[in-house]
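Student:
Number of protein chains: 6
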Amino acid sequence: MPGPVFLAGDRVTLRPAERDDVDFLLENRNDPAVRAGRTAKYPSGRDDVETFLGGTMGRNDQSIGLLVCVDERPVGYVLINRERMGDSEYDRGELAYWIAPDESGNGYATEASRVLLDHSFDGIGLHKVVARAFESNDGSQRVVEKLGFTREGTFRDEAYVDGAWEDYYRYGLLREEWRERRSE
Amino acid sequence: MPGPVFLAGDRVTLRPAERDDVDFLLENRNDPAVRAGRTAKYPSGRDDVETFLGGTMGRNDQSIGLLVCVDERPVGYVLINRERMGDSEYDRGELAYWIAPDESGNGYATEASRVLLDHSFDGIGLHKVVARAFESNDGSQRVVEKLGFTREGTFRDEAYVDGAWEDYYRYGLLREEWRERRSE
Amino acid sequence: MPGPVFLAGDRVTLRPAERDDVDFLLENRNDPAVRAGRTAKYPSGRDDVETFLGGTMGRNDQSIGLLVCVDERPVGYVLINRERMGDSEYDRGELAYWIAPDESGNGYATEASRVLLDHSFDGIGLHKVVARAFESNDGSQRVVEKLGFTREGTFRDEAYVDGAWEDYYRYGLLREEWRERRSE
Amino acid sequence: MPGPVFLAGDRVTLRPAERDDVDFLLENRNDPAVRAGRTAKYPSGRDDVETFLGGTMGRNDQSIGLLVCVDERPVGYVLINRERMGDSEYDRGELAYWIAPDESGNGYATEASRVLLDHSFDGIGLHKVVARAFESNDGSQRVVEKLGFTREGTFRDEAYVDGAWEDYYRYGLLREEWRERRSE
Amino acid sequence: MPGPVFLAGDRVTLRPAERDDVDFLLENRNDPAVRAGRTAKYPSGRDDVETFLGGTMGRNDQSIGLLVCVDERPVGYVLINRERMGDSEYDRGELAYWIAPDESGNGYATEASRVLLDHSFDGIGLHKVVARAFESNDGSQRVVEKLGFTREGTFRDEAYVDGAWEDYYRYGLLREEWRERRSE
Amino acid sequence: MPGPVFLAGDRVTLRPAERDDVDFLLENRNDPAVRAGRTAKYPSGRDDVETFLGGTMGRNDQSIGLLVCVDERPVGYVLINRERMGDSEYDRGELAYWIAPDESGNGYATEASRVLLDHSFDGIGLHKVVARAFESNDGSQRVVEKLGFTREGTFRDEAYVDGAWEDYYRYGLLREEWRERRSE
Chain A
1 MPGPVFLAGD RVTLRPAERD DVDFLLENRN DPAVRAGRTA KYPSGRDDVE TFLGGTMGRN
61 DQSIGLLVCV DERPVGYVLI NRERMGDSEY DRGELAYWIA PDESGNGYAT EASRVLLDHS
121 FDGIGLHKVV ARAFESNDGS QRVVEKLGFT REGTFRDEAY VDGAWEDYYR YGLLREEWRE
181 RRSE
Chain B
1 MPGPVFLAGD RVTLRPAERD DVDFLLENRN DPAVRAGRTA KYPSGRDDVE TFLGGTMGRN
61 DQSIGLLVCV DERPVGYVLI NRERMGDSEY DRGELAYWIA PDESGNGYAT EASRVLLDHS
121 FDGIGLHKVV ARAFESNDGS QRVVEKLGFT REGTFRDEAY VDGAWEDYYR YGLLREEWRE
181 RRSE
Chain C
1 MPGPVFLAGD RVTLRPAERD DVDFLLENRN DPAVRAGRTA KYPSGRDDVE TFLGGTMGRN
61 DQSIGLLVCV DERPVGYVLI NRERMGDSEY DRGELAYWIA PDESGNGYAT EASRVLLDHS
121 FDGIGLHKVV ARAFESNDGS QRVVEKLGFT REGTFRDEAY VDGAWEDYYR YGLLREEWRE
181 RRSE
Chain D
1 MPGPVFLAGD RVTLRPAERD DVDFLLENRN DPAVRAGRTA KYPSGRDDVE TFLGGTMGRN
61 DQSIGLLVCV DERPVGYVLI NRERMGDSEY DRGELAYWIA PDESGNGYAT EASRVLLDHS
121 FDGIGLHKVV ARAFESNDGS QRVVEKLGFT REGTFRDEAY VDGAWEDYYR YGLLREEWRE
181 RRSE
Chain E
1 MPGPVFLAGD RVTLRPAERD DVDFLLENRN DPAVRAGRTA KYPSGRDDVE TFLGGTMGRN
61 DQSIGLLVCV DERPVGYVLI NRERMGDSEY DRGELAYWIA PDESGNGYAT EASRVLLDHS
121 FDGIGLHKVV ARAFESNDGS QRVVEKLGFT REGTFRDEAY VDGAWEDYYR YGLLREEWRE
181 RRSE
Chain F
1 MPGPVFLAGD RVTLRPAERD DVDFLLENRN DPAVRAGRTA KYPSGRDDVE TFLGGTMGRN
61 DQSIGLLVCV DERPVGYVLI NRERMGDSEY DRGELAYWIA PDESGNGYAT EASRVLLDHS
121 FDGIGLHKVV ARAFESNDGS QRVVEKLGFT REGTFRDEAY VDGAWEDYYR YGLLREEWRE
181 RRSE
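Residue numbers (UniProt numbering), protein chains in the order written: chain A, 1 to 184; chain B, 1 to 184; chain C, 1 to 184; chain D, 1 to 184; chain E, 1 to 184; chain F, 1 to 184.
#1: Give me the residue from 174(C), 159(C), 163(C) with the minimum Cα distance to residue 152(C).
#2: At a CB-CB cut-off below 7 angstroms, which residues of chain H make contact with residue 179(C)?
#3: Can you find a CB in chain E that lies within less than 8 angstroms of the CB of residue 87(C)?
#4: Between residue 112(F) and residue 45(F), which are expected to be in contact by the criterion C-beta below 8 angstroms, what is the C-beta distance as a whole number of angstroms?
#5: Alpha carbons only, please: which of 75(F), 145(F), 163(F), 127(F) is nearest the one belonging to residue 21(F)?
#6: Report the CB separation of residue 157(B) from residue 128(D) in whole angstroms; it is logged as a contact under 8 angstroms.
#7: Do we get a CB-CB distance below 8 angstroms when we pair residue 43(B) with the residues of chain A?
#8: For residue 31(F), return the contacting residues in chain D, with the cut-off set at a CB-CB distance below 8 angstroms.
#9: With DSSP as the reference, identify every bridge partner of residue 178(C), one or two as the case may be.
#10: Ordered along the chain, which non-local residues of its own chain (more than five positions away) have a Cβ less than 8 angstroms from that of residue 177(D)?
#11: Just list the residues that DSSP pairs residue 171(C) with in beta bridges.
#12: Could you give the first and the last residue of the continuous alpha helix (DSSP H) run that contains residue 81(F)?
#13: Give me, in chain order, the residues of the same chain whose beta-carbon lies closer than 7 angstroms to that of residue 70(B); leave out the 5 immediate sequence neighbours on both sides.
#14: Using a Cβ cut-off of 8 angstroms (strictly closer), state whether residue 154(A) contacts chain F.
#15: Among the candidates 29(B), 47(B), 134(B), whose CA atom is the shortest distance from the CA of residue 67(B)?
#16: Mark residue 4(D) as exposed unless 16 or more other C-beta atoms lie within 10 angstroms of its C-beta, in which case mark it buried.
#17: Which chain C residues sit within Cβ distance under 8 angstroms of residue 128(E)?
#18: Give the C-beta separation of residue 31(B) and residue 101(B) to the nearest angstrom, bearing in mind that I take them to be a contact with Cβ-Cβ under 8 angstroms.
#19: Around the Cβ of residue 43(A), are there at least 16 other Cβ atoms within 10 angstroms (buried) or fewer (exposed)?
#20: Would you please verify whether the beta carbon of residue 174(B) is less than 8 angstroms from any beta carbon of chain D?
#21: Cβ of residue 18(A) less than 8 angstroms from any chain B Cβ?
#22: What does the Cβ neighbour count give for residue 140(E), buried or exposed, with the cut at 16 atoms within 10 Å?
#23: Anything in chain D within Cβ reach of residue 55(E), meaning under 9 angstroms, just list it in chain order.
#24: Looking at the structure shown, is residue 42(E) part of a helix, part of a strand, or coil, going by DSSP?
#25: Decide if residue 33(C) is buried, meaning its Cβ has at least 16 other Cβ atoms within 10 Å, or exposed.
#26: With H, G and I counted as helix, E and B as strand and the rest as coil, what does DSSP make of residue 13(E)?
#27: In chain order, what residues of the same chain have a beta carbon less than 7 angstroms from the beta carbon of residue 55(C), not counting five sequence neighbours either side?
#28: Relative to the alpha-carbon of residue 160(B), which residue among 39(B), 35(B), 14(B) has its alpha-carbon at the smallest distance?
#29: Tell me which residue opens and which closes the beta strand (DSSP E) that residue 92(B) is part of.
#30: Please report the residue range of the beta strand (DSSP E) in which residue 67(D) lies.
#31: Exposed or buried, residue 106(E), counting other C-beta atoms within 10 Å across all chains shown (16 or more means buried)?
#32: Just to confirm before moving on: does the CB-CB distance between residue 171(B) and residue 131(B) stay below 8 angstroms?
#33: Under a three-way DSSP split, which group does residue 184(A) fall into?
#34: Put residue 31(B) into one of helix, strand or coil per three-state DSSP.
#35: Indicate, with yes or no, if the ligand FMN has a heavy atom lying under 7 angstroms from the CB of residue 93(F).
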């Protein structure tokens with residue numbers, strides 16, 4: 001039996017990952033296609049994946065991490081990371097996601113992100129959500145641009161991909177922008 | 001086999017939640033309809049739910065939290081929270097509850113609260129029980145008003161709900177008021 | 001298979017509670033009829049009940065707590081509590097017990113107490129055993145009086161029961177009294 | 001040498017309490033006149049006072065607690081308490097303060113609160129600050145009313161003072177209210 | 001410099017014991033004359049005495065223990081012990097005290113107890129305070145009787161004193177009794 | 001006696017902070033003028049400052065934090081922060097610094113940063129160093145621009161300063177850029 005739904009969109013539902021989802025998480029986090037978008041360089045073991053169980057990203061109870069499901073079948077993972085660094089607590093989170101390779105191309109990342117952004121702005125009350133996409137990752141850029149994010153910078157040489165340094169883009173979306181866009 | 005009954009009303013029984021109740025607790029704590037009344041913004045994982053097992057709300061052995069059951073079937077949760085804050089220990093507790101969406105509308109919240117209030121005033125000897133209800137939550141206001149609570153204040157802008165600040169009402173019920181009402 | 005017998009009477013045997021007895025302990029400790037005699041105000045969870053496993057009452061290795069059994073079937077619990085208070089350690093213990101509601105009225109409490117008193121005076125060498133009974137609890141008073149306890153005081157307003165302060169009686173039984181009585 | 005100033009008003013400076021301030025904190029926290037405003041029922045020892053050293057109220061690194069000084073001489077203590085309770089994180093804090101009896105009547109509580117409110121609203125960005133004052137504590141009511149707080153409720157029988165139950169008032173001040181008032 | 005005063009009577013002041021008071025506490029707790037009233041059988045070391053520093057009796061933050069002082073000179077110790085035992089939390093405490101031998105006979109125990117009883121009933125709101133006195137300890141009986149305590153029982157053979165078992169008396173004083181007496 | 005020098009420039013030396021430097025660190029970290037550049041919202045206590053003792057920024061042994069000294073007199077602090085975020089560890093660090101108000105305007109921040117950048121690129125072998133400056137902080141922007149950093153983005157609304165959201169600039173400096181500049 002799948003766990004309880006926390007948020008729902010038209011096609012996708014978002015729910016806390018449970019122990020039964022560990023195989024799905026492990027397989028996809030280690031998959032080269034999924035890792036490419038995250039430039040994940042190290043393998044995930046079962047222990048690493050436990051951070052992703054339960055809905056609040058390990059001990060960080062202000063982040064939210066949810067399994068993306070379609071017809072109760074897990075297809076990916078979406079999260080708002082709110083790690084507090086030093087003195088700052090500026091009502092901000094970072095959006096990230098991955099979709100299993102054989103489920104990609106269906107718009108699930110966009111829909112799941114939209115649902116989680118609604119919750120982040122209207123439920124939690126965040127002022128801003130940021131995101132990153134590697135310069136080479138057109139798919140990820142399309143997703144954040146479709147969601148209404150503005151590109152705020154180009155970080156030169158911050159990823160080492162396929163034997164060379166690569167830039168990534170940094171995006172930002174303010175609460176008021178999200179609301180205007182939604183009301184159009 | 002369901003766990004032992006701690007308190008009983010006409011239709012409902014209240015018993016400590018056990019490990020077998022975790023699925024029920026998880027599903028309902030994450031359900032958007034149940035969360036709305038509590039404005040719960042973060043998902044509950046299995047670990048979070050363990051706080052609710054055993055009848056005394058985690059390590060806080062002066063609080064009481066019990067599963068509400070009808071015909072041995074769990075339908076909700078009711079609790080008297082007695083977190084001590086600072087110097088105060090004024091014989092006071094806060095009533096809270098939730099009912100599973102497909103069991104709501106049957107008066108179970110009112111009956112379960114009544115049973116736990118009897119125990120709180122006559123068994124434990126509390127001097128006062130308080131409660132909160134969001135301004136938009138008519139159902140919850142009706143329950144506490146039916147129980148005889150007096151509205152003692154309106155807290156402006158203390159909840160962020162559906163993208164806007166909302167007020168909530170604060171209620172109080174004194175032991176003598178409870179007794180008079182019961183004896184009528 | 002029930003655990004090993006520690007003490008035996010004509011009908012009852014006393015043995016350390018084991019993990020398989022947790023359901024019995026839980027159900028009865030939470031039962032309103034059993035709680036009435038103890039004025040237990042808070043629910044017991046599985047963790048709370050672990051204190052009662054093993055025969056020596058949690059970490060207190062000078063107390064003794066044993067399951068009362070009839071034909072290997074658990075029917076209640078009896079204990080000699082020797083919590084040390086401050087400087088005093090006057091070779092004294094406090095007797096307490098409860099019997100499951102559907103097993104009460106058969107004299108099991110009296111017989112189990114008698115067996116444990118024999119052990120306390122002759123086995124451990126206690127000088128005195130004390131006991132308490134609420135003024136409203138005739139059954140418990142009959143048990144301790146049948147065992148030969150002397151009422152030594154009336155403690156006014158020391159229990160809050162059913163919404164009012166109630167007195168309780170304090171009893172004492174000296175080793176020499178126990179021995180005389182037994183030899184009669 | 002006194003510790004470093006964190007915030008400054010016209011006459012008062014606010015700085016983290018240090019080990020050398022323990023005697024001042026102890027003496028005043030135990031003083032019956034200071035305790036009356038807080039209805040503090042238990043004595044403070046040196047260990048208790050350590051919570052108040054360092055500026056962030058023990059382990060709670062989102063609260064702020066500062067010594068109020070005049071001409072580098074400590075005269076009181078002011079704090080914004082931001083204990084998170086349950087699911088709520090509504091950008092809110094509670095203001096509290098005390099002034100040493102021989103320094104009272106000079107408006108130090110009002111000025112210190114004003115400085116800390118400026119920091120809470122403009123520096124930290126809180127949405128609301130709340131406060132409590134016992135019905136019998138005219139001085140404290142005057143301070144919060146002078147600061148622009150609105151009375152949002154009367155909590156009946158929530159303090160036990162001098163042998164009788166007493167009400168206290170609950171106040172709230174929104175960021176926008178603070179700004180309007182300041183700009184007048 | 002002596003520590004801060006927590007409660008004050010006509011002649012005596014009560015304040016939390018501090019590290020500088022350890023010698024006074026050690027000397028008197030070990031003094032045979034002081035021990036006689038408490039039947040203290042074991043020596044106190046410096047570590048044992050730390051329990052008595054700070055005003056709240058070790059980690060038990062609902063008990064109160066204070067040094068009795070006359071003209072800032074320590075002359076004894078008075079306490080309300082509120083150790084919770086099992087399920088009971090009946091708004092009750094136990095009064096105890098000792099006075100240094102060369103300061104006894106001046107009524108300090110009575111005055112210090114009176115001040116602490118006022119605080120226990122009117123400040124904390126206890127329903128009852130109990131006390132014990134050995135049958136042989138006329139002085140201690142006179143103090144509690146002068147304070148208005150009622151003898152509620154005689155506990156046979158509960159102290160072993162000078163080579164023989166001795167009884168002690170148990171006393172009780174209800175809040176309403178204290179108030180009536182005071183108003184006479 | 002000041003501790004051993006770790007890195008040296010023409011006028012400044014950089015050395016690990018020691019216990020004797022706690023007063024200097026405390027006073028400046030709490031100083032409103034120093035805090036303005038860091039938008040530090042919470043006070044620093046002595047315990048917080050211990051993170052800055054020893055040269056490697058608390059438990060993070062890949063970061064470097066050093067006291068900036070002139071003639072053995074501490075004038076500020078400079079650090080390369082290498083907190084790892086998620087999977088990334090791209091040979092990158094973030095430069096930060098502060099100078100005591102009465103020592104500012106002498107170019108110490110620039111010189112200390114230059115010395116630490118030399119060590120970061122040539123000693124540690126970092127590929128890139130990043131930095132941030134609030135839009136309102138002209139002084140800090142001048143320092144990083146003088147050092148050769150390129151502005152890579154403008155982060156909208158990521159700081160809450162003096163009651164309003166403010167942008168900050170994000171800068172980057174690659175190892176090859178640093179070397180070219182130095183060889184000019």
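Just so it is clear, CB atoms sit at the ideal spot from N, CA and C, and this is done for glycine as well. Quick caveat: nothing in here was measured; it's all calculated off a predicted structure.
Tutor: Taking the geometry as given:
#1: Checking every option, the nearest Cα to that of residue 152(C) belongs to 174(C).
#2: The question asks about chain H, but that chain is absent: this structure's protein chains are A, B, C, D, E and F.
#3: Note that residue 87(C) scores 43 on pLDDT, short of 50, meaning its location in the model is unreliable and no value can be drawn from it.
#4: Going by Cβ atoms, the distance from residue 112(F) to residue 45(F) rounds to 26 angstroms, so no, they are not a contact pair.
#5: 75(F)
#6: 6 angstroms
#7: yes
#8: 4, 5
#9: Residue 178(C) has no beta-bridge partner at all, per DSSP.
#10: 148, 150
#11: As computed with DSSP, residue 171(C) is found in a beta bridge with 131(C), 151(C).
#12: Not the alpha helix (DSSP H): residue 81(F) falls in the beta strand (DSSP E), residues 73-81.
#13: 11, 12, 108
#14: yes
#15: 29(B)
#16: buried
#17: 156, 157, 158
#18: 6 angstroms
#19: exposed
#20: yes
#21: yes
#22: buried
#23: 30, 42, 43, 44, 45, 48
#24: Residue 42(E): coil per DSSP, three-state reduction.
#25: exposed
#26: strand
#27: 6, 16, 64, 65, 66
#28: 39(B)
#29: Secondary structure note for residue 92(B): its beta strand (DSSP E) is the uninterrupted segment 92-99.
#30: 64-70
#31: exposed
#32: yes
#33: coil
#34: Under the three-state reduction of DSSP output, residue 31(B) falls in the coil class, being neither helix nor strand.
#35: Of ligands this structure carries none, so the ligand FMN is not represented either.
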